[in-house]
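Step one of this worksheet: look at the structure below.
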Amino acid sequence: MHILDDLRERNFGHTVQEPLQHQESSQSVAARVRSCFEWLLGRPEPALAVVSHNWILRAMMDPSHNRALHSAPVFEPFGFCELRAWALDHCQAGTCKALLF
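Residue 101, in full-length UniProt numbering, is where the sequence shown stops; the numbers in between run on with no holes.
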């Protein structure tokens with residue numbers, strides 16, 4: 001399946017429209033991050049660009065959600081319109097796949 005067709009079928013933004021003073025729970029964010037990681041790791045492309053808001057990328061790289069992260073620069077605050085590149089290796093059942101951020 002072409003990635004654009006797949007994206008039309010996926011939506012990682014399963015949030016309910018609520019007043020602005022309400023913040024999404026960390027459990028809900030973690031579940032959406034896991035869903036996104038699983039989808040990304042299942043893609044056949046060798047490299048993908050992930051574009052998102054600062055808070056979701058920080059949640060993806062939060063060591064309390066992802067114990068494989070050890071690099072201090074990953075946890076630095078994002079600058080305005082900042083571009084970062086990460087390479088993640090996912091190994092399962094003897095097979096590894098790199099995921100670039």
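A virtual CB, placed ideally from N, CA and C, is assigned to each residue, including glycine.
Just so you know, these numbers come straight off a predicted model, no measurement behind them.
| query | How big is the Cα-Cα spacing for G42 and C36? | reply | 10 Å
| field | Local conformation of L41 per DSSP, three classes | value | helix
| message | Helix, strand or coil, according to DSSP, for S28 in the structure here? | response | helix
| field | Sub-9 Å separation of I56 and R84 beta-carbons | value | no
| task | Compute the Euclidean distance between the alpha carbons of E45 and D6, then round it to the nearest angstrom. | result | 13 Å
| query | Near V29, what residues of its chain come up, given a Cβ to Cβ distance below 6 Å and the 5 sequence neighbours on each side ignored? | reply | A59
| task | Quick one: grab the DSSP three-state call for S52. | result | coil
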